[in-house]
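Undergrad: The numbering used here applies: residue 7 is where the sequence shown begins, and numbers increase by one. Okay, here's the structure, questions in a sec.
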Amino acid sequence: MSAIARYRHQRRSGRVWLIGDRRVSNATVASLERGAFLREIAVNGNPVLVITDQGKQVIADGGKAV
7 MSAIARYRHQ RRSGRVWLIG DRRVSNATVA SLERGAFLRE IAVNGNPVLV
57 ITDQGKQVIA DGGKAV
C-alpha cells in the first residue's frame, strides 16, 4: 500500500498493476479492496488506485491492520 501512496504513475497492464517500478497482482489489489484499504476509480477513463482513509491509517500505524 505504501507504493500506491508514494507513486502517482500507475496503470493496469493485463493481470498486474504497474505502480512506479513495482508490479502488483490483481489478486492483491482485490484483497485490499475487500479489506476496504483501497478503491479503484476512473480518472479520464483510466483506472487509478486510491488509498481510503482506513488504508492511510494502516500506513501511518506501520502496517498493522485494525
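Note that the Cβ used here is the ideal one computed from N, Cα and C, for glycine as well. On a predicted model such as this, the values are computed, not experimentally measured, just so you know.
Determine which residues share a DSSP beta bridge with Leu55 and list them.
TA: Glu46
Undergrad: Considering only C-alpha positions, which residue in the set Gln16, Lys62 and Arg28 is nearest to Gly41?
TA: Taking only the C-alpha atoms, the option nearest Gly41 is Lys62.
Undergrad: Using only the alpha-carbon positions, how far apart do Gly20 and Ala66 sit?
TA: 31 Å
Undergrad: Excluding the 5 residues flanking Gln60 on each side, which residues of the same chain have their C-beta closer than 7 Å to its C-beta?
TA: Excluding positions up to five away in sequence, the list reads Ala42 and Phe43.
Undergrad: Assign Ile47 to buried or exposed, taking buried as 16 or more other Cβ atoms, counted over all protein chains shown, within 10 Å of its Cβ.
TA: exposed
Undergrad: Let me confirm a value: Val49 is counted as buried when at least 16 other C-beta atoms fall within 10 Å, else exposed. Which label applies?
TA: The residue in question, Val49, is exposed, as its Cβ has fewer than 16 Cβ neighbours within 10 Å.
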